[in-house]
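Below is one structure, written out as structure tokens, with a few remarks after it.
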Amino acid sequence: MENLCDEILQLIFYELHDPMPFILLSKRLYNFSQDPYARAHYFLNRYGPAQAVFEALGRGKVLDEKVLDILMSSGAHLSRYLAQVAIHHYFYTQTHFVKTRWARSVRLPVFIYFMQIASARYGDIPREKGQDDGSLFSSFLKESRYPPSMRSTNWETIRDILETYKDPIMAQFPLALAVEPRLLPYAVDNGFCMDEKYRDFVFRKMFESTLTASDRTADTIVLNVRELCRLDPLMFLSRTVAAEICMEAKSNEVGYNALKLLAKSDALRFDLSTLVEDLIKLFLTSRSITSLTNQLNLRHLFADFPSSDPAVRLVILLTAFLSVEHGNTQHCISSVKAKLEPLKLGRITLKDMLNLLLHPFMDRYTAVFEYMKTELETMDQSRKGLNRGEMKLVAENVATRLLEIDCKGKLLKRLHDEYPALHTTIIRTIMDKHRISIEDLPDSEDQEASSTYEASLCTDGGFKPPEFLSNDTPSVDGLLGGEDIELKLEAVEVGEGNCGATAMELGNIGRESLSHMIRQEEQLPSRSRRRIHYAYFYDHGLDFVPSGKYAYCASVAKWVKNDFGPRSSITAIFMTHAVLNDNCTVLRNYLYDSSPVPITLKHFELLARLGRSVGYIIFPAIQEGAEFFRSEEDYIDSKYDCSMRIYSQVKISSATASKAVSKSFTVPTVTKKRPRRSVAVNRSYAAPDSDGEEDLVDAMMVDVPEEKVDQKKFDQLDLWIKHLGDLQKTEQSKFRQRKKLAGNDPNVDVEKTEFLKSLSSNLRALRKYVAEQRKSIETGGESDYDDSEYIFKSAKKRRI
Numbered sequence: 001m002e003n004l005c006d007e008i009l010q011l012i013f014y015e016l017h018d019p020m021p022f023i024l025l026s027k028r029l030y031n032f033s034q035d036p037y038a039r040a041h042y043f044l045n046r047y048g049p050a051q052a053v054f055e056a057l058g059r060g061k062v063l064d065e066k067v068l069d070i071l072m073s074s075g076a077h078l079s080r081y082l083a084q085v086a087i088h089h090y091f092y093t094q095t096h097f098v099k100t101r102w103a104r105s106v107r108l109p110v111f112i113y114f115m116q117i118a119s120a121r122y123g124d125i126p127r128e129k130g131q132d133d134g135s136l137f138s139s140f141l142k143e144s145r146y147p148p149s150m151r152s153t154n155w156e157t158i159r160d161i162l163e164t165y166k167d168p169i170m171a172q173f174p175l176a177l178a179v180e181p182r183l184l185p186y187a188v189d190n191g192f193c194m195d196e197k198y199r200d201f202v203f204r205k206m207f208e209s210t211l212t213a214s215d216r217t218a219d220t221i222v223l224n225v226r227e228l229c230r231l232d233p234l235m236f237l238s239r240t241v242a243a244e245i246c247m248e249a250k251s252n253e254v255g256y257n258a259l260k261l262l263a264k265s266d267a268l269r270f271d272l273s274t275l276v277e278d279l280i281k282l283f284l285t286s287r288s289i290t291s292l293t294n295q296l297n298l299r300h301l302f303a304d305f306p307s308s309d310p311a312v313r314l315v316i317l318l319t320a321f322l323s324v325e326h327g328n329t330q331h332c333i334s335s336v337k338a339k340l341e342p343l344k345l346g347r348i349t350l351k352d353m354l355n356l357l358l359h360p361f362m363d364r365y366t367a368v369f370e371y372m373k374t375e376l377e378t379m380d381q382s383r384k385g386l387n388r389g390e391m392k393l394v395a396e397n398v399a400t401r402l403l404e405i406d407c408k409g410k411l412l413k414r415l416h417d418e419y420p421a422l423h424t425t426i427i428r429t430i431m432d433k434h435r436i437s438i439e440d441l442p443d444s445e446d447q448e449a450s451s452t453y454e455a456s457l458c459t460d461g462g463f464k465p466p467e468f469l470s471n472d473t474p475s476v477d478g479l480l481g482g483e484d485i486e487l488k489l490e491a492v493e494v495g496e497g498n499c500g501a502t503a504m505e506l507g508n509i510g511r512e513s514l515s516h517m518i519r520q521e522e523q524l525p526s527r528s529r530r531r532i533h534y535a536y537f538y539d540h541g542l543d544f545v546p547s548g549k550y551a552y553c554a555s556v557a558k559w560v561k562n563d564f565g566p567r568s569s570i571t572a573i574f575m576t577h578a579v580l581n582d583n584c585t586v587l588r589n590y591l592y593d594s595s596p597v598p599i600t601l602k603h604f605e606l607l608a609r610l611g612r613s614v615g616y617i618i619f620p621a622i623q624e625g626a627e628f629f630r631s632e633e634d635y636i637d638s639k640y641d642c643s644m645r646i647y648s649q650v651k652i653s654s655a656t657a658s659k660a661v662s663k664s665f666t667v668p669t670v671t672k673k674r675p676r677r678s679v680a681v682n683r684s685y686a687a688p689d690s691d692g693e694e695d696l697v698d699a700m701m702v703d704v705p706e707e708k709v710d711q712k713k714f715d716q717l718d719l720w721i722k723h724l725g726d727l728q729k730t731e732q733s734k735f736r737q738r739k740k741l742a743g744n745d746p747n748v749d750v751e752k753t754e755f756l757k758s759l760s761s762n763l764r765a766l767r768k769y770v771a772e773q774r775k776s777i778e779t780g781g782e783s784d785y786d787d788s789e790y791i792f793k794s795a796k797k798r799r800i
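In structure tokens form, the structure reads like this:
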């Protein structure tokens, strides 16, 4: 260290936040630190010319007259506002934002010399309270929302502060650019660098809705935007801010009109119509479409920027029908027509109506059905409205598709109550289309097919948006005069209007309004709010998480269980689909209810076929004493299973006279008879009202001992452990066989399936639980004793 030259020591010196420990290493380093040139250039190189004097005033012990002279001659920035703040702080004349000792650590002769330098440069410096440059700047920002006649500080005053008195940029300066962009060149001369993180904030304040500012017009906003973009090429209106302006097109007409003027003059880097289209499509998967404010705003945007995109069309139709969903039926049709006619959507087709009914946020069918009965036109426009038979067929088609959208339980229940014939249709559809056997599943060796397989029922809405009408829906050919209905809505892709890196540079779009984002920024600390990137709009699929936007929806699987019963063949099919899709919401309702749906060994065999892990809530249900069944046939009694009986009747009838049945088929009355109690079978010779009746009832009520209940639970656990152990051995033998076929090839990595891993760990825990419970029961009586019987034994004396 002693042999290093002064230039190397300077470089080391500049990198230290606190040079004191380094200085005390040797006498040479101490003498080097006493050099005024080294001290001055430490502040210049460490903090830069803009903050060098400010930081030097905070190190009063190392600041003297020579250091100040070197700082001024080397280009350190000294503004009038810095001198005002230092004077106020040093003499305790005004409580300011500096809360530390700062300038008070400077010796008085040195500080007097500092004031002489500032006075020689700027003359008589205002020192009164509220007359410093910072107060004038704050007043300019506050009064920007006032009418021009009420403003005490104009932009020329701020220009002189920046140009003549060289005030550096304060934390609130980006806000001043939104008010007066002409200040930017003067700020740049003082060392201000416009960071792109300030960009969205500046443009948000430009387009902000202000009721008190009478001089705020669309032309003024356009002029400010053009001027700021001309002064700094990095400044441009992003898609993020443009989407926020569009989200309050009705409430902020001045800002929205300014945005349209910029789009007409090609001053934007993106197509505004494409942005509006992408913005409207975002609401297809968001509960916020149910807001009346958003509905009015979306229709206003569509009127200005019409689109032929099917997703946009569906969103606009939703805004019209959702607004009258809870209204009076007599006025809903006229209200819908009044909202749709100005938009010029064209002819409303049956496909549009069916897609409305299948949307997750459409819980009621009344408005849609009334519109179909009175206003829906056929392809040849020969008549309006559907008759009763056609409406029944539409209800059947909708009900069969609602089975596959688990969040549509409310609508399915209402349709089922209105059209009793749907009971048979639902049974037939589930039994014919959704029954799953082991042969229907892909083998676990086909990893791609098994990993992507998804059962059609009990799908988890958090994985993908709900599907709309597809080609496999029962068709209604000839229903509307030969109209060929295409029941497939293309996958909705919410793009960014551009592709690749350009889209990211122009900004992502969200569903938040401009006012909301400004309030969010104002709630953050003022010195960091402009440096924060918002990520609220990066993921739009999360709105379909069951615990998210529509958590109050009713599950189709839950309705099936309540309507058909827990031990029905229909409920068993839903249980199988829930296990395969690992739908925890459905499984929790099925397994932990007062009348649970049984879990069977077949469910484990299906999971083994796919190689998927067992759901984490299945084994706790088994541990709680779930009854063992090999398959659903073991617990479903065909004698009392109404759904199976109805399905058998429909199958036989359709095979004999399908045409006759389609014309005159009536839904049989479904009666769920309870099996007769075993008490009714026992014969008793007691008179009905005799004295021995109470004794007879008491004799029939037998308390089951707790030991027998525990023994029954352990018997069921033993059965589960035995059969699951056999299944584990089978899977292990398959694994060893695959490993044997792979040989010693290093390129082939043979791993255990996820099913085998989860089964092994859970089965081990289940065996441990049974062993511990049995041990506690066997030793439970011996471990209980009274505290009074405890015998204290004296400790043995230690031998010496």
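Using UniProt numbering, you'd call the opening residue of the sequence shown number 1 and step up by one each time. Ideal Cβ positions, reconstructed from N, Cα and C, are used throughout, including at glycine. Just so we're clear, the structure is a prediction, and the values are computed from it rather than from any experiment.
Check, Outcome
"CA-CA distance, residue 357 and residue 365?", "7 Å"
"What would DSSP say about residue 377, mapped onto helix, strand or coil?", "strand"
"Which partner residues does residue 384 have in the DSSP bridge list?", "377"
"Kindly list the residues whose CB is nearer than 8 Å to the CB of residue 89, restricted to its own chain and excluding five residues on each side of it in sequence; keep chain order.", "96, 98, 102, 103 and 104"
"Taking Cβ positions, are residue 363 and residue 411 nearer each other than 9 Å?", "yes"
"Tell me which same chain residues have a C-beta within less than 6 Å of the C-beta of residue 188, skipping the five on either side of it?", "none"
"Rounded to whole angstroms, how far is the Cβ of residue 398 from the Cβ of residue 321, which I believe are closer than 8 Å?", "About 14 Å separates the two Cβ atoms, so there is no contact after all."
"Identify whether residue 310 lies in helix, strand or coil by the three-state DSSP scheme.", "helix"
"Just how far apart, CA to CA, sit residue 617 and residue 631?", "19 Å"
"Run through DSSP, which three-state label would residue 198 get?", "helix"
"What separation, rounded to the nearest whole angstrom, lies between the Cα atoms of residue 118 and residue 247?", "50 Å"
"Does the separation of the CB atoms of residue 141 and residue 175 fall below 9 Å?", "yes"
"Expressed to the nearest angstrom, what Euclidean distance is found between the alpha-carbon atoms of residue 505 and residue 229?", "16 Å"
"How many angstroms separate the CA atom of residue 137 from the CA atom of residue 130?", "10 Å"
"Please classify residue 748 as buried or exposed, where buried requires at least 16 other C-beta atoms within 10 Å of its C-beta.", "exposed"
"Compute the distance between the beta-carbons of residue 453 and residue 610, then report whether it is under 9 Å.", "yes"
"Pull up the distance between the alpha-carbon of residue 519 and that of residue 434, whole angstroms please.", "50 Å"
"Output the boundary residues of the alpha helix (DSSP H) element that contains residue 219.", "218-231"
"Pull up the distance between the alpha-carbon of residue 315 and that of residue 49, whole angstroms please.", "56 Å"
"Taking the straight line between their C-alpha atoms, what separation do you get for residue 775 and residue 768?", "11 Å"
"State the Cα-Cα distance for the pair residue 284 and residue 563, rounded to the nearest angstrom.", "31 Å"
"Output the distance between the C-alpha atoms of residue 16 and residue 9, rounded to the nearest integer angstrom.", "11 Å"
"Taking residue 341 as part of the alpha helix (DSSP H), name the residues at either end of that continuous run.", "Premise fails: residue 341 is in no alpha helix (DSSP H) and is neither H nor E."
"What is the residue span of the alpha helix (DSSP H) that residue 174 lies within?", "173-179"
"At the 9 Å Cβ level, is residue 744 part of the contact set with chain C, yes or no?", "The question asks about chain C, but that chain is absent: this structure has only one protein chain."
"With distance defined between alpha-carbon atoms, name the residue in 318, 13, 249 and 266 nearest to residue 281.", "318"
"What first and last residue would you give for the alpha helix (DSSP H) that runs through residue 817?", "Here the chain covers residues 1 to 800 and nothing more, so residue 817 does not appear."
"Using the beta-carbon count (16 or more within 10 Å), is residue 418 buried or exposed?", "exposed"
"Decide if residue 438 is buried, meaning its Cβ has at least 16 other Cβ atoms within 10 Å, or exposed.", "exposed"
"Please name the residue, chosen from 323, 335, 555 and 352, that lies closest to residue 404 on a Cα-to-Cα basis.", "555"
"So, helix, strand or coil for residue 748, using DSSP?", "coil"
"Check residue 772 in the structure and name its three-state DSSP category.", "helix"
"Please state whether the Cβ-Cβ distance between residue 241 and residue 192 is less than 9 Å.", "no"
"Do residue 55 and residue 113 have their C-beta atoms within less than 9 Å of each other?", "no"
"Taking the C-alpha atoms as reference points, what is the distance between residue 13 and residue 121?", "31 Å"
"Could you tell me the boundaries of the alpha helix (DSSP H) in which residue 41 lies?", "36-47"
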